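Numbering of the sequence shown is given in full-length UniProt numbering, commencing with residue 1 and proceeding in unit increments.
The C-beta atom is built at its ideal place from N, Cα and C for all residues, glycine as well.
Since the model is a prediction, treat every value here as computed from it, not as a measurement.
In what follows, a structure is listed as structure tokens, so that the remarks can point back to it.
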Amino acid sequence: MLLRSCRVITRETHRIFISRSISSRKFEMAPPILSLALPSETGRVLSIQSHTVQGYVGNKSAVFPLQLLGYDVDPVNSVQFSNHTGYPTFKGQVLNGHQLWELMEGLQANDLLYYTHLLTGYIGSVSFLDTVLEVVKKLRSINPKLTYVCDPVLGDEGKLYVPPELVAVYREKVVPVASMLTPNQFEAEQLTGFRIVSEHDGREACNKLHAAGPAKVVITSINIDGHLLLIGSHEKEKGQSPDQFKIVIPRIPAYFTGTGDLMTALLLGWSNKYRDDLAKAAELAVSTLQALLQRTLDDYKTAGYDIQSSSLEIRLIQSQDDIRHPQIKFKAETYN
1 MLLRSCRVIT RETHRIFISR SISSRKFEMA PPILSLALPS ETGRVLSIQS HTVQGYVGNK
61 SAVFPLQLLG YDVDPVNSVQ FSNHTGYPTF KGQVLNGHQL WELMEGLQAN DLLYYTHLLT
121 GYIGSVSFLD TVLEVVKKLR SINPKLTYVC DPVLGDEGKL YVPPELVAVY REKVVPVASM
181 LTPNQFEAEQ LTGFRIVSEH DGREACNKLH AAGPAKVVIT SINIDGHLLL IGSHEKEKGQ
241 SPDQFKIVIP RIPAYFTGTG DLMTALLLGW SNKYRDDLAK AAELAVSTLQ ALLQRTLDDY
301 KTAGYDIQSS SLEIRLIQSQ DDIRHPQIKF KAETYN
């Protein structure tokens with residue numbers, strides 16, 4: 001009886017051992033990445049931007065909207081701060097170029113480095129930007145059709161946010177490899193060396209940027225005689241005259257954070273869905289952003305807050321219906 005019991009225990013132990021061995025062998029091979037094995041109609045985005053624990057700037061402004069529009073998004077946080085730098089103080093860490101490349105090596109080692117889109121925003125050093133350029137080269141060696149959407153965050157209203165030496169790197173190295181560029185008026189002037197004081201100047205700045213590389217250019221905000229405009233330009237064939245348009249944008253008497261990052265993400269999302277109609281994509285992006293800003297204003301007023309006393313954190317989560325299904329209220333006017 002004792003021997004029989006021992007044999008039963010031995011068989012059971014052997015069965016468990018075999019089962020565990022099979023299980024361990026199964027997990028030696030990683031399961032397929034479904035965003036690669038079953039690609040969506042939208043795409044897979046690598047987004048290299050800043051990150052804040054609280055609030056919505058950088059990746060916090062870009063990842064959620066792109067996911068709502070159907071994209072798989074893998075964020076790399078170029079910085080990780082407690083909050084955006086407009087607060088009295090902030091704490092956190094900054095990723096350097098070597099650390100960024102280590103992440104790319106880890107992805108490549110597991111055959112995970114296939115992306116349809118690369119999105120970049122604020123970058124604070126030449127060394128990190130040089131590594132981003134290496135990332136572009138690596139991603140295009142794997143997928144030559146990669147779309148690189150670059151928001152060249154340099155500054156605004158006549159003031160640089162970054163070291164001056166970054167301007168030359170963007171102008172000479174980044175612009176030529178970008179597929180879409182989304183500067184504001186000041187950034188477009190820095191990249192072209194061309195002063196923008198009229199709509200014609202805005203269109204000419206787009207032409208200069210096309211000549212340097214990107215097929216799609218959207219100057220997201222231009223102040224012309226107190227009026228705010230977006231000017232977009234799509235060069236469908238190299239060397240041919242681009243399709244150009246403008247959207248008049250209402251002025252809102254408040255300052256918001258994260259709107260540029262959100263706008264670029266929306267332009268990526270909608271321009272990929274309307275690949276031959278950048279004006280339609282811009283209409284959807286502007287209409288989404290304006291609805292979100294109005295909700296933000298209304299909510300701050302409901303809370304009894306003076307909207308002009310400081311920068312306002314956008315109401316991103318509360319505006320998800322406007323992101324998914326925007327009502328077009330701001331129409332593009334095509335230039336002849």
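Among R295, D298, L266, T302, the one whose alpha carbon lies nearest that of I323: Here the closest residue by C-alpha is L266.
Three-state secondary structure assigned by DSSP to F306: Note on identity: in this sequence residue 306 is Asp, with Phe being the wrong assignment. Assigned with DSSP and collapsed to three states, D306 falls in coil, not helix or strand.
Close-in-space but distant-in-sequence residues of the same chain around T288 (CB under 6 Å, 5 per side omitted): Around T288: L266, D322, I323, P326.
Alpha carbon to alpha carbon, how far is I142 from V135? Approximately 11 Å, taken between the alpha carbons.
Between the CA atoms of Y71 and L268 - distance to the nearest angstrom: Rounded to the nearest whole angstrom, the CA to CA distance from L268 to Y71 is 10 Å.
What are the residues that DSSP puts in a beta bridge with V94? The beta-bridge partner set that DSSP reports for V94 consists of V79.
For I317, collect the residues of the same chain with a Cβ closer than 6 Å to its Cβ; drop the 5 residues on either side in sequence, then sort them by chain order. None.
For L36, does the count of other Cβ atoms within 10 angstroms reach 16, so buried, or fall short, so exposed? By the Cβ neighbour-count rule, L36 is exposed, with fewer than 16 other Cβ atoms within 10 Å of its own.
Neighbour-count burial assignment, T259, 16 or more Cβ in a 10 Å radius: So T259 counts as buried.
Terminal residues of the continuous beta strand (DSSP E) containing Q185? That residue, Q185, is in no beta strand (DSSP E); its alpha helix (DSSP H) goes 185 to 192.
Only counting the same chain, and skipping five residues up and downstream in sequence, which positions put a Cβ closer than 6 Å to that of L69? Closer than 6 Å at the Cβ level, and outside the excluded window around L69, lie G269.
Check whether the stretch 179 to 196 touches the stretch 218 to 227, counting contact only when three or more Cβ pairs, one atom from each stretch, lie closer than 8 Å. Because the criterion of three Cβ pairs below 8 Å is met, the stretch 179 to 196 and the stretch 218 to 227 touch.
Taking the alpha-carbon of I224 as reference, which of I307, I247, L181, P214 has the nearest alpha-carbon? Cα-wise, what sits closest to I224 is I247.
Hey, could you find the ends of the alpha helix (DSSP H) H210 is sitting in? Judged by DSSP secondary structure, H210 falls within the alpha helix (DSSP H) whose first and last residues are 199 to 212.
Expressed to the nearest angstrom, what Euclidean distance is found between the alpha-carbon atoms of Q108 and L133? Taking the straight line from one Cα to the other gives about 16 Å.
Hey, could you find the ends of the beta strand (DSSP E) Q49 is sitting in? For Q49, the uninterrupted beta strand (DSSP E) run begins and ends at 44 to 52, by DSSP.
Taking the continuous alpha helix (DSSP H) assigned at V167, which residues delimit it? 165 to 169 is the extent of the alpha helix (DSSP H) around V167.
So for G158, helix, strand or coil by DSSP? Three-state result, G158: coil.
Which word fits D111, buried or exposed, when buried means at least 16 other C-beta atoms lie within 10 angstroms of its C-beta? So D111 counts as exposed.
DSSP state of L112, grouped into three classes? DSSP places L112 in coil when its eight states are reduced to three.
Give me the Cα-Cα distance between S125 and S61, rounded to the nearest whole angstrom. Using only the alpha carbons, I get a separation of about 21 Å.
Are residue 403 and F330 touching if we call contact CB-CB under 8 Å? Because the chain spans 1 through 336 in this model, residue 403 falls outside it and cannot be assessed.
L229 and I252: beta carbons closer than 8 Å? Judged by their CB atoms, L229 and I252 are not nearer to each other than the 8 Å cut-off.
Do the CB positions of V177 and P152 come within less than 8 Å of each other? If you check the CB distance, V177 and P152 do not come in under 8 Å.
Which partner residues of N223 appear in the DSSP bridge assignment? Answer by DSSP bridge pairing, in chain order: L228.
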